[in-house]
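Enquirer: Residue numbers (numbering that gives the first Met the number 0), protein chains in the order written: chain A, 0 to 334; chain B, 0 to 356.
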Amino acid sequence: MMAVSRLRPGARGEMLCVFLWISVTACIVCSYWISPVVTVAVLSSALRQSTPLVLGAMCGLLSERSGVMNIGIEGQMLMAAFWGFLMHVWTGSLMMGVISGLAAGAFAGFLFAWMSVSMKMDQIIAGTIINILAVGLTGFFYPTGMSSAGKLKIYSVPLLSEIPLAGPVLFRMSPIVFLTICIVFLLHYCLFYSRWGLRTRATGEHPKAAATMGISVVKLRYGNIMIGGCIAGLAGAFLSLESVGVFERGMTNGRGFIALAVMIFGKWTPIGAWGAALLFGLSMSVQTQLQFDRVLSLPHQFTGMLPYLITIIVLAIFIRRNRPPASLGVSCERE
Amino acid sequence: MILLLRSFLVPAGSVLLAFLTGGILLFLSGSHPVEAYIALFQGAFGDLSSISRTLEKATPLIMNGLAIAFALKAGLFNIGAQGQFLFGAFAAAVAGFYVQAIPSVFHIPLAIFAGMTAGGIYGLVQGALKAFSGAHEVITGIMCNYIAINMTDYLVNHPFRDRSPGNIVARTPQILDTSRFPDVAGIPLGFIAAIIAAILVWWIVRYAVFGFEIRVVGSGINAARYSGVRIRSVLMGTMLISGALAGLGGAVETQGVVHRFQPGFNTGLGFEGITIALLGRVHPLGIIPAAILIGAMKAGAGMMQFSAGVENEIIDVIQALILFFVTADVILQKMLPGIKWAEGERLSLSTGWGGNS
Chain A
0 MMAVSRLRPG ARGEMLCVFL WISVTACIVC SYWISPVVTV AVLSSALRQS TPLVLGAMCG
60 LLSERSGVMN IGIEGQMLMA AFWGFLMHVW TGSLMMGVIS GLAAGAFAGF LFAWMSVSMK
120 MDQIIAGTII NILAVGLTGF FYPTGMSSAG KLKIYSVPLL SEIPLAGPVL FRMSPIVFLT
180 ICIVFLLHYC LFYSRWGLRT RATGEHPKAA ATMGISVVKL RYGNIMIGGC IAGLAGAFLS
240 LESVGVFERG MTNGRGFIAL AVMIFGKWTP IGAWGAALLF GLSMSVQTQL QFDRVLSLPH
300 QFTGMLPYLI TIIVLAIFIR RNRPPASLGV SCERE
Chain B
0 MILLLRSFLV PAGSVLLAFL TGGILLFLSG SHPVEAYIAL FQGAFGDLSS ISRTLEKATP
60 LIMNGLAIAF ALKAGLFNIG AQGQFLFGAF AAAVAGFYVQ AIPSVFHIPL AIFAGMTAGG
120 IYGLVQGALK AFSGAHEVIT GIMCNYIAIN MTDYLVNHPF RDRSPGNIVA RTPQILDTSR
180 FPDVAGIPLG FIAAIIAAIL VWWIVRYAVF GFEIRVVGSG INAARYSGVR IRSVLMGTML
240 ISGALAGLGG AVETQGVVHR FQPGFNTGLG FEGITIALLG RVHPLGIIPA AILIGAMKAG
300 AGMMQFSAGV ENEIIDVIQA LILFFVTADV ILQKMLPGIK WAEGERLSLS TGWGGNS
């Protein structure tokens, strides 16, 4: 259904989003004026908390833009977190850990692509299989009593990290957090301004037309899903090698599903999903800070609800309807 | 006849293949597969009490599977079933210990009703958000799950905490005997309720006017609009019923098994509902055997871990494999070339997921 309206479609939502971000920025500046230390801590933590969500959302976005619905993000992350940690302990090298995390994510992506693209299985089922399989395999093969062998270190960019407010938040952080921001902008550029991006979007909107134009739908979907798997793998590596430092059973703890929500929230665009994840991360860290300071005399469960409530309210009032890629979930039959 | 053969052979073959593959995995990891499977079977069907435990485990799975399947008929992915389940379990517990001195003939239905209402209202909220603001039910569902966890956690920590001396755990008091489920001829009452619910859902989807409207909405929002279906009411009604089913699952779990509400006691059951619904091919009656199968594996897992020393999680691996083989029936068709396969309908759920706004 095309809505006929005088405004450009989506303009109202965009204006409201800009308004939202201006008010959030104003709040940040005000709070920095009152208490610099706390503000910096909250913002850095927001960035860290949003990182696995952003990466997960990028993973989902890559496959959904090419028309494959991916609810297996959670499983891909979990397998990567497991393999990354295991290889890190075995080889003693963090680099090896991260790389094998990426490989595990890509492998899970390959499995998912094989089921949903080649076997033409229903995509919800394929995703669910990845999720259950990840819980099962990581739990079954988990060797008890493995201890951490260190985490990725925080790196601060010389000079730039001395800028007030922006410096410590943006230029004093761990490599994966930094990489995440790069991935978002890279993906935005590639998706909307490169040949690959046009092909991806064409496949997501109308695979048959894309196939007629000579695009190999199957290859493209395989590629996208596996690159997405790599990115989800980075999220897994972030959890087990950077954030926590060890692997725990079920440590993704629903983040893959929140990433899914974040992706839909951001209207299937990298920048939008990034913004949504940042908003979520910010409300998460504000919530933790509120509990820590005991500013409000609310029980901690109510402050704990805050990020989720904010998401629903923002979604219902500001974003409303989202339009997914037209042929999401339809497997492409070859004639 | 071919259809009947097919609908029996595919699941049976899939289960067999999944257990075989799981067995290879067990063998490679140094366990004895046959020994493990015998222990699993004994734990699930060995004697009367283990059979009753299997049915007990299957009951909430049936309810949650029904909740997910029912919503899927209208193209809604009710990932929020987990939260609806929690509220249902909590409300049934409150009705179970708060209302006193009434006979069980009234107390049991009252507690069930409380659970269904709580779950249904929570589902309705998500349905209304979808109908009036277009908020995607997957987002609101996931967020509502976390809100439900926090909310029930607060409720059992403060207003409804078990204040009996010596209790340090955040949980509600035990429900009264009058609200507990009795066994009917050795079968847990909850299981019977689940079977009745499954038949009712099947009837609604297949024969009721509302069920027809749900299927129209599920097959395409534009088709539904042009044929005059009131889409908003259908979306809200679907989520109300779906939530009530999940809430009923929670009530049954409280009244039949746990006998109180304790946070963290039944997490993940809502998500397992997705697996069950998919295994049962989103058919209300297909969900029953699927739930019994998974319930049996859950019931037997303890015995398997105890006597064969195999980690519980192999169950999840086998579950994933069963789901895989059931869905990828092409593999089975290649392995059994002698049988003529009817031109079966391909199960397709994800088509309704996106376009429904």
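Every residue, glycine too, gets a C-beta built ideally from N, C-alpha and C.
Does the separation of the CB atoms of A/SER173 and A/GLU241 fall below 8 Å?
Expert: Cβ distance < 8 Å, so A/SER173 and A/GLU241 count as in contact.
Enquirer: Classify B/TYR358 as buried or exposed, calling it buried when 16 or more other Cβ atoms lie within 10 Å of its own Cβ.
Expert: The first residue shown for chain B is 0 and the last is 356, placing residue 358 of chain B beyond what the model contains.
Enquirer: Go ahead and pull the three-state DSSP assignment for A/PRO350.
Expert: With chain A covering 0 to 334 only, the question about residue 350 of chain A has no answer from this structure.
Enquirer: Quick one: what's A/SER155 bridged to in DSSP?
Expert: A/ARG171.
Enquirer: Terminal residues of the continuous alpha helix (DSSP H) containing A/GLY244?
Expert: No alpha helix (DSSP H) contains A/GLY244, which DSSP labels as neither H nor E.
Enquirer: Considering only the beta carbon of each residue, do B/PHE40 and B/PRO32 sit closer than 8 Å?
Expert: Result no, Cβ atoms of B/PHE40 and B/PRO32 do not sit closer than 8 Å.
Enquirer: Taking Cβ to Cβ, would you say B/ASN77 is nearer than 8 Å to B/SER306?
Expert: Not closer than 8 Å, so no.
Enquirer: Is there a Cβ of chain B sitting closer than 8 Å to that of A/VAL290, yes or no?
Expert: Just to set this straight, residue 290 of chain A is Gln in the shown sequence, not Val. No, no contact with chain B.
Enquirer: To the nearest angstrom, how far is it from the Cα of B/GLY249 to the Cα of B/ILE50?
Expert: Roughly 21 Å between the two C-alpha positions.
Enquirer: Give me the Cβ distance between A/ALA260 and B/MET296, rounded to the nearest whole Å; I'm assuming they're in contact under 8 Å.
Expert: In fact, because the Cβ distance is near 30 Å, the residues do not count as touching under 8 Å.
Enquirer: Check whether the stretch 158-166 of chain B touches the stretch 294-312 of chain A, taking contact to mean three or more Cβ pairs, one atom from each stretch, closer than 8 Å.
Expert: No, they do not touch.
Enquirer: Relative to the C-alpha of A/LYS150, which residue among A/ILE162, A/ILE175, A/VAL134 and A/ILE182 is closest?
Expert: Among A/ILE162, A/ILE175, A/VAL134 and A/ILE182, the Cα nearest to that of A/LYS150 belongs to A/ILE175.
Enquirer: Against B/ASP152, what residues of chain A qualify as contacts under a CB-to-CB distance less than 7 Å, listed in chain order?
Expert: Those are GLN300, listed as they occur along chain A.
Enquirer: Let me check one thing: in DSSP terms, what residues is B/PRO187 bridge-paired to?
Expert: Beta-bridge pairing links B/PRO187 to B/ASP182.
Enquirer: Give, in chain order, every residue of the stretch 76-92 of chain B whose Cβ lies closer than 9 Å to some Cβ of chain A.
Expert: Cβ contacts with chain A come from PHE76 and ILE78.
Enquirer: Just verifying my parser: in three-state terms, what is the DSSP assignment at A/TRP335?
Expert: Here chain A covers residues 0 to 334 and nothing more, so residue 335 of chain A does not appear.
Enquirer: Measuring CA to CA, which of B/ILE287, B/ALA91 and B/MET62 is closest to B/ARG179?
Expert: Checked all of B/ILE287, B/ALA91 and B/MET62; the closest Cα to B/ARG179 is B/ALA91.
Enquirer: When you compare each of B/SER28, B/PRO288, B/GLN332 and B/LEU128 to B/ILE194 by their alpha carbons, which one comes out closest?
Expert: If we check each option's Cα against that of B/ILE194, B/PRO288 comes out closest.
Enquirer: Would you please verify whether the beta carbon of A/VAL134 is less than 8 Å from any beta carbon of chain B?
Expert: Interface residue, yes.
Enquirer: State yes or no: is the beta carbon of A/GLY138 nearer than 8 Å to at least one beta carbon in chain B?
Expert: Yes, A/GLY138 counts as interfacial toward chain B.
Enquirer: What residues from chain A crowd round B/GLU377, counting only those whose CB sits closer than 9 Å?
Expert: Because chain B here runs from 0 to 356, residue 377 of chain B falls outside it and cannot be looked at.
Enquirer: Taking all protein chains shown into account, do 16 or more other C-beta atoms lie within 10 angstroms of the C-beta of A/MET14, making it buried, or fewer, making it exposed?
Expert: With fewer than 16 Cβ atoms within 10 Å of its Cβ, A/MET14 is classed as exposed.
Enquirer: Listing by chain order, which chain B residues have their CB less than 8 Å from the CB of A/MET283?
Expert: The premise fails here: A/MET283 is roughly 11 Å from chain B at the closest Cβ pair, so nothing lies under 8 Å.
Enquirer: Can you tell me where the alpha helix (DSSP H) holding A/VAL116 begins and where it ends?
Expert: No alpha helix (DSSP H) holds A/VAL116; DSSP gives it neither H nor E.
Enquirer: Mind checking if A/ILE175 is an interface residue toward chain B, Cβ cutoff 8 Å exclusive?
Expert: Chain B, which has no Cβ nearer than 8 Å to the Cβ of A/ILE175, makes this no.
Enquirer: Could you check whether A/ALA231 and A/ALA79 sit closer than 8 Å to each other, using their CB atoms as the reference points?
Expert: Yes, Cβ-Cβ distance for A/ALA79 and A/ALA231 is below 8 Å.
Enquirer: With 8 Å as the C-beta to C-beta threshold (strictly closer), list the residues of the stretch 252-263 of chain A near chain B in chain order.
Expert: The residues in question are GLY253, PHE256, ILE257, LEU259, ALA260 and ILE263.
Enquirer: Quick one: which residues of the stretch 82-97 of chain A get their C-beta closer than 7 Å to a C-beta of chain B? List them in chain order.
Expert: Listed by position along the chain: nothing, the set is empty.
Enquirer: By DSSP, does A/ILE70 sit in helix, in strand, or in coil?
Expert: Three-state result, A/ILE70: coil.
Enquirer: Less than 8 Å between the C-beta atoms of A/SER326 and A/GLY66, yes or no?
Expert: Yes, these two residues count as a Cβ contact at 8 Å.
Enquirer: Which residues of chain A have a Cβ atom closer than 9 Å to the Cβ of B/THR139, listed in chain order?
Expert: Those within 9 Å of B/THR139 in chain A are ALA260, THR310, ILE311, LEU314 and ALA315.
Enquirer: Check whether chain B comes within 8 Å of A/MET76, counting only Cβ atoms and requiring the distance to be less than that.
Expert: Taking Cβ atoms only, chain B never reaches closer than 8 Å to A/MET76, which makes this a no.
Enquirer: Taking the alpha carbon of A/GLY265 as the point to measure from, which residue in A/GLN122, A/THR251 and A/VAL53 has its own alpha carbon closest?
Expert: Checking every option, the nearest Cα to that of A/GLY265 belongs to A/VAL53.
Enquirer: State the start and end residues of the unbroken alpha helix (DSSP H) segment that holds A/TRP267.
Expert: No alpha helix (DSSP H) holds A/TRP267; DSSP gives it neither H nor E.
Enquirer: For B/ALA57 and B/ALA196, I'd like the C-alpha separation in whole angstroms.
Expert: The alpha-carbon atoms of B/ALA57 and B/ALA196 are separated by roughly 14 Å.
Enquirer: Quick one: is B/ILE111 buried, meaning 16 or more other Cβ sit within 10 Å of its Cβ, or exposed?
Expert: Buried, because 16 or more other Cβ atoms sit within 10 Å of the Cβ of B/ILE111.
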